[in-house]
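Residues in the sequence shown are numbered consecutively from 1, following UniProt numbering.
To start, the structure itself, in structure tokens.
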Amino acid sequence: MIGNGEVLRLKEALKTLTLPTLSLYLDVNPAKPENAGRAYALRAKDAMKALKVPEDLAERVLEVLRHEVVQAKTLALFADGKRLELLPLGVELPLVSGVKTAFLDEKESRLLTDGALAHYGEPFLLPLIYALDEYERYGVVYVDQEKWRVFELFLGEVEEVRDAFLALDTEAWRRLSLDAPGRRFHLGGISRGGAGQDLFAKRLAAWEERFYKTLAHELERLWEERGFTRLILMGPEEHTKLFLGYLPRRLKERVAAELPSLPHPGAAPGEVLKRLEPVLEEVERREEVRLLERLKEAYPKAVFGPEVLARVQ
């Protein structure tokens, strides 16, 4: 997982690379047949040969590509005479995947072909900056009957935030989760009534308010610390709705989806990611439509749609 701190460290590290620098972006998605047998290493070799990259540098890069186990869809690599920076990305970059014709710009020392983008000279950071700056960093608040958890999603990867909600009283949460609306006053099959019920309800409501306010404050801290840009709430609706009501406005406005829990407690990060992938695609499409609508409002005389594409082709 590329954390917020790692992004800053990487940007600073890339500034200190000596020139000329090799910038290499490779499609390494293991699900694609064209990447079988580390075929991307051969594409990298051909690209470096076309750009006349020095043999010692090219061999150092190829040594890494032949032996490094890369769990990613795109690999960004930056190397100078002494240093080499690797950055596996869990997403496909538009400039790397799907290019159907090779393009060699000798003046710019840049090669673009299907599955590879190589540049030799100044560090070529545009595809990387696009990925780091344009992709949303999601915070996922996951609620089940055992505990509250937080996951971070960025660039197709997921990681559980282990220190989230450490102050939460898990036993108290289990009691509260059993006291969900509809069951709250029917413990053991005996309905509470009269003044006792009123007192119990008031105490529970006060405790509930403190509980959710504490969680909202903790999530706000994580939002700042982890650099989240969107939120997703997963869990029983009665609890996610209550929690949503206690969030400050700036966080509430960034809630992209509310989803039910997975069918069993203790879900692994990979299970959470699998559940969220189609939702994230839907959220991104919805946000793109909203952006287009805002552009139409800001520029009412502008022309949008397929006819524009037809004119420029």
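Every residue gets a Cβ at the ideal spot worked out from N, C-alpha and C, and that includes glycine.
Proximity to residue i [Cα-Cα], best of the options
{"i": "residue 164", "options": "214, 213 and 218", "result": "218"}
{"i": "residue 30", "options": "252, 57 and 74", "result": "74"}
{"i": "residue 223", "options": "264, 153 and 208", "result": "153"}
{"i": "residue 87", "options": "68, 110 and 35", "result": "68"}
{"i": "residue 277", "options": "221, 161, 43 and 259", "result": "259"}
{"i": "residue 130", "options": "93, 142, 120 and 158", "result": "93"}
{"i": "residue 114", "options": "279, 35, 202 and 238", "result": "35"}
{"i": "residue 51", "options": "109, 293, 281 and 238", "result": "109"}
{"i": "residue 65", "options": "39, 81 and 49", "result": "39"}
{"i": "residue 45", "options": "33, 63 and 32", "result": "63"}
{"i": "residue 280", "options": "5, 12 and 135", "result": "135"}
{"i": "residue 120", "options": "161, 70 and 49", "result": "49"}
{"i": "residue 229", "options": "201, 59 and 253", "result": "253"}
{"i": "residue 70", "options": "33, 37, 28 and 32", "result": "28"}
Cβ-Cβ separation, residue j to residue i (assumed contact under 8 angstroms), whole Å
{"i": "residue 156", "j": "residue 91", "result": "4 angstroms"}
{"i": "residue 261", "j": "residue 235", "result": "5 angstroms"}
{"i": "residue 212", "j": "residue 242", "result": "6 angstroms"}
{"i": "residue 24", "j": "residue 61", "result": "7 angstroms"}
{"i": "residue 248", "j": "residue 209", "result": "Not confirmed; about 15 angstroms, so no contact."}
Cβ-heavy atom distance, residue i to the ligand ADP, below 7 angstroms
{"i": "residue 92", "result": "Ligands in the displayed structure: none, and consequently the ligand ADP is not present."}
Beta-carbon proximity check, residue i vs residue j, cutoff 8 angstroms
{"i": "residue 10", "j": "residue 85", "result": "yes"}
{"i": "residue 17", "j": "residue 83", "result": "yes"}
{"i": "residue 54", "j": "residue 151", "result": "no"}
{"i": "residue 14", "j": "residue 132", "result": "no"}
{"i": "residue 72", "j": "residue 89", "result": "yes"}
{"i": "residue 231", "j": "residue 148", "result": "no"}
{"i": "residue 137", "j": "residue 227", "result": "yes"}
{"i": "residue 289", "j": "residue 257", "result": "no"}
{"i": "residue 79", "j": "residue 22", "result": "yes"}
{"i": "residue 43", "j": "residue 57", "result": "no"}
Any C-beta of chain C under 8 angstroms from that of residue i
{"i": "residue 90", "result": "No chain C is present in this structure, which holds just one protein chain."}
Where residue i falls, given that 16 or more other Cβ within 10 Å makes a residue buried
{"i": "residue 140", "result": "buried"}
{"i": "residue 8", "result": "exposed"}
{"i": "residue 199", "result": "exposed"}
{"i": "residue 206", "result": "exposed"}
{"i": "residue 264", "result": "exposed"}
{"i": "residue 41", "result": "buried"}
{"i": "residue 2", "result": "buried"}
Cβ-based neighbour list, residue i, same chain, cut-off 6 angstroms, excluding 5 preceding and 5 following
{"i": "residue 47", "result": "111, 116 and 118"}
{"i": "residue 188", "result": "Residue confidence is low: residue 188 scores 39 on pLDDT, short of 50, so the model does not pin down where it sits. Its coordinate-derived value is still stated next. Nothing meets the Cβ criterion."}
{"i": "residue 273", "result": "158"}
{"i": "residue 204", "result": "none"}
{"i": "residue 146", "result": "265"}
Close Cβ partners of residue i (< 8 angstroms) along its chain, the five nearest in sequence each way excluded
{"i": "residue 271", "result": "262"}
{"i": "residue 251", "result": "216, 219, 220, 223 and 231"}
Close Cβ partners of residue i (< 7 angstroms) along its chain, the five nearest in sequence each way excluded
{"i": "residue 240", "result": "143, 233 and 258"}
{"i": "residue 275", "result": "262"}
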